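Peer 1:
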Amino acid sequence: MPDAIAASTEANTELKERVRQFWQAHPCGSKFSDAEIGTREFFDRVERHRYEKEWHIPLAADFAATKGLRVLEIGCGVGTDGLQFARAGAIYTGVDLTEAAIDLARSNFASAGLRGEFRVADAEQLDFPDETFDVVYSHGVLHHTPDIQAALREVHRVLKPGGRALVMLYHRGSYNYQIGIRVLRRAGAGLLRSESGIKIVNRLTGEPIDSLREHAASLRNAQGRFSSAELLNQSTDGAGNPLARVYSRREARDLFRNFREVDLRAYFLNKRFIPLIGNLLPRSIEAALASRWGWHLWVYAKK
Ligand SMILES: C[S@@+](CC[C@H](N)C(=O)[O-])C[C@H]1O[C@@H](n2cnc3c(N)ncnc32)[C@H](O)[C@@H]1O
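Every position in the sequence shown, counted from 1, becomes a number in the working numbering once 205 is added.
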């Protein structure tokens with residue numbers, strides 16, 4: 206193997222291990238429930254919070270359309286969307302890089318009395334035969350894996366001919382990225398240098414003080430200034446997140462160039478960065494604005 210390729214493979218392996226450790230320690234969605242982790246009450250609260258805040262997901266995913274189909278979810282987290290596929294009658298398989306997520310997703314299904322198959326697996330190297338699934342679903346996952354091209358080759362490989370991929374990626378053209386992160390978060394990072402600044406940010410954004418202190422510690426580790434890439438990593442899924450990327454519509458189309466049909470739709474205004482009026486917007490206006498400047502770019506692709 207040429208030296209440059211070997212070095213980049215090694216760097217990806219090391220980064221993937223940091224990604225795994227981060228999600229192993231912070232199973233996705235678990236901070237949105239204060240019930241005892243792993244109980245039915247815990248999963249119900251995670252689910253309620255998810256579909257209240259991201260109310261577009263059931264519309265965008267159309268769980269009901271998967272009745273009788275073989276669905277693979279990549280990066281299933283605690284299995285909240287997985288449960289909707291299973292309730293709709295899909296034959297569901299969930300994989301995730303971490304044991305923490307897979308253990309919780311299994312408990313979620315068991316306590317709901319639903320069937321699903323679960324495996325710890327890496328999106329970039331799936332151990333399923335070619336043409337196994339009718340649908341591959343992946344929500345908020347592939348922008349966290351070091352080699353997204355490898356992951357999408359796997360999505361394509363395991364889909365049956367005519368099968369569909371539904372993949373949500375963070376959107377470069379969103380208000381959340383262009384204004385919330387690049388302008389407001391960058392300005393807010395300056396305030397995190399002092400305890401009084403932390404309190405001001407807490408009052409302005411509602412972000413918990415503990416979380417802001419973790420961000421302040423990350424900032425100190427970065428000698429007081431994040432690079433653009435690091436600012437993005439730290440601004441999406443909590444302090445210490447080792448990797449997050451954003452994609453423009455054109456970049457997303459290019460990633461899915463091996464698929465026959467590709468359609469893109471943007472959803473979800475992250476209202477934390479829309480001061481004062483954010484929470485007053487009616488859903489119809491929110492959806493219209495999100496269709497252009499939403500943070501979640503859904504890719505619908507057909508093999
Ligand atoms: C932000 S959470 C999303 C979980 C769930 N899809 C949701 O929307 O709530 C990201 C998940 O992706 C998983 N993940 C990250 N990289 C992965 C990879 N290469 N292969 C499989 N899962 C991965 C993480 O372990 C974590 O559970």
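Glycine included, each C-beta is placed from N, C-alpha and C at the ideal position.
Since this is a predicted model, take the numbers as computed values, not measurements.
Have a look at GLY445, PRO413 and LYS508 and flag the residue whose alpha-carbon is nearest the alpha-carbon of SER423.
Peer 2: If we check each option's Cα against that of SER423, GLY445 comes out closest.
Peer 1: Going by C-alpha distance, which of ASP286, PRO232, PHE333 and LYS272 is nearest THR303?
Peer 2: Minimum Cα distance to THR303 is reached at PRO232.
Peer 1: Would you mind giving the Cβ-Cβ distance between VAL340 and LEU264, rounded to the nearest angstrom? I have them listed as a contact below 8 Å.
Peer 2: No, VAL340 and LEU264 are not in contact; Cβ-Cβ is about 16 Å, not under 8 Å.
Peer 1: I'd like the list of long-range same chain contacts for GLU359, defined as Cβ closer than 6 Å, with 5 residues on each side in sequence excluded.
Peer 2: LEU331
Peer 1: State the CB to CB distance for the pair ARG377 and VAL451, rounded to an integer number of angstroms; the pair is presumed to be in contact (CB under 8 Å).
Peer 2: 4 Å
Peer 1: Among all the DSSP beta bridges, which residues are the ones paired with GLY299?
Peer 2: Under DSSP, GLY299 shares a beta bridge with GLU278 and PHE323.
Peer 1: Just checking my contact of THR244 with LEU277 at CB under 8 Å: how many whole Å lie between their CB atoms?
Peer 2: About 27 Å; that fails the 8 Å criterion.
Peer 1: Verify the contact flag: VAL451, CB atom, against every heavy atom of ligand 1, threshold strictly below 6 Å.
Peer 2: no
Peer 1: Exposed or buried, LEU288, counting other C-beta atoms within 10 Å across all chains shown (16 or more means buried)?
Peer 2: Within 10 angstroms of the beta-carbon of LEU288 lie 16 or more other beta-carbons, which makes it buried.
Peer 1: Between ALA471 and GLY499, how many whole angstroms is the CB-CB distance? I'm expecting something under 8 Å.
Peer 2: That belief holds up - the Cβ atoms of ALA471 and GLY499 are roughly 4 Å apart, short of 8 Å.
Peer 1: Do you know whose CA, among ARG369, GLU219 and PHE237, lies nearest ASP468's CA?
Peer 2: ARG369
Peer 1: Under the DSSP definition of a beta bridge, which residues are partnered with LEU469?
Peer 2: According to DSSP, which records beta bridges pairwise, LEU469 is partnered with VAL504.
Peer 1: Looking at the structure shown, is GLY368 part of a helix, part of a strand, or coil, going by DSSP?
Peer 2: DSSP places GLY368 in strand when its eight states are reduced to three.
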